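Letter by letter, the sequence shown follows residues 1 to 291 in the UniProt record's numbering. Glycine is no exception: its CB is placed at the ideal position from the N, C-alpha and C atoms. These figures come from a predicted structure and were not determined experimentally.
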Amino acid sequence: MVSLLLQWKPTLATKVDSSKSTPLHFASSDGDCSIIQAILTHLPRSATNIQDNKGLSPLHIAALMGHTETVRMLLQFSPASADICDNQGQSFLHAAAMKGHSSIISYAVKNSMLKHLLNAQDKEGNTPLHLAVVVEECKVVSKLLSSGEVHANIMNNAGHTPSDIIKRCKGFHSMVSLVVKLHESGAQFQPQRQDLIEKWNAQDIMKWRDNTSKNLAVVSTLIATIAFAAAFNVPGSYGDDGKANLAGDPMYNAFLILDTISMVTSVVATILLVYGRASRSHRSWLSFVIS
């Protein structure tokens, strides 16, 4: 249908709506390669550079949606479209990094024509690496750093390197992963006067341990309570003879084993945490770590 419409009236390919979006913008959002190919057949190369109200080109849209094949098609048709930036000064690579589309990042790092975009900064001075760290996309960060072309110590307008942004991470696992990946690449924090760096003292560390121990003790107690209750409220209930209806079933046996392990380990963890809070000896740290 699209091909027939464009054969009838080729100028439809460059028509824009109220948001200045062209048919190619919509096709790029959907990721339908057959429709995109039909539109490109009736489109001058310069038309792929048309931007909507937000400054987004069809290439930006494809990158935001994670359509790698669409990105490849658009770049093959018009390599110059790679340099288009939106109203925030961001390239399509910024968009892909911000949305966590590692497949597009992987395509970009392998394309020598796109290497100049790997360290490109937007209006706030953020590179694709900055944005990937902000959204805690470890896979994207790994792809960018593996290229060997990304500079991990570029500072944005606020004076922050990607390493500095890690402080905002909410997820512990992602924070640790990002720290490891950036450290391996030689990333550094922004330069600071040593006398202005706020350091933790022993009292702060003890306070942190006590608060953490308290929270963990509550969790381990809840787990022990649930595991204990589950031992009496078994799956399948009990028969008239007082025996479990599922006794002897392999899955039932597995349930009993796992429930026992859960109860024992949670009780031991609770004891160690309580001991750690009550004791002020050097062994209290050991009990905290074990728990």
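- In the three-state scheme derived from DSSP, where H, G and I count as helix and E and B as strand, A120 is classed as coil.
- Taking the Cβ atoms as the reference, L74 lies roughly 6 Å from T48, within the contact range of under 8 Å.
- For the pair D122 and Q88, the CB atoms are nearer than the 9 Å cut-off.
- About 4 Å separates the CB atoms of A97 and P128; that is less than 8 Å, so the two are in contact.
- In this chain, the alpha helix (DSSP H) harbouring K99 covers 92-99.
- For G159, the closest C-alpha among the options S262, N215, G125 is that of G125.
- Taking G171 as the centre and dropping the five residues before and after it, the same chain places the C-beta of E136 closer than 8 Å to its C-beta, in chain order.
- Per the C-alpha coordinates, the member of C33, H183, N215, I84 positioned closest to T270 is N215.
- The segment 220-235 and the segment 169-186 do not touch, with fewer than three beta-carbon pairs separated by less than 8 Å.
- Cα atoms of L24 and I36: separation of roughly 7 Å, rounded to the nearest angstrom.
- The three-state reading of DSSP puts A80 in helix, counting H, G and I together.
- Setting aside the 5 residues that flank it on each side, H151 is surrounded in the same chain by N119, each with a C-beta closer than 6 Å to its C-beta; the list follows chain order.
- For I166, the closest alpha carbon among the candidates I39, V179, I257 is that of V179.
- Per DSSP, reduced to three states, the secondary structure at A244 is strand.
- Taking a 10 Å sphere around the C-beta of L272, we find 16 or more other C-beta atoms and assign the residue as buried.
- Inter-residue distance for G148 and I154 is about 14 Å (C-alpha atoms, whole angstroms).
- Apart from the 5 residues on each side of it in sequence, V133 sits with its Cβ closer than 7 Å to the Cβ of V141, P162, I165, I166, L178 in its chain, given in chain order.
- CA-CA distance, K110 to L145, rounds to 12 Å.
- Taking A227 as reference, the option from S28, G242, T265 with the minimal CA-CA separation is T265.
- DSSP places C138 in the uninterrupted alpha helix (DSSP H) bounded by 138-146.
- Take the alpha-carbon of V176 and the one of T212: they are about 18 Å apart.
- Per the DSSP secondary-structure output, Y238 pairs in a beta bridge with A244.
- Of the candidates L256, S81, N157, M251, the residue whose Cα lies closest to the Cα of L117 is S81.
- Rounded to whole angstroms, S102 and D32 show a C-alpha spacing of 20 Å.
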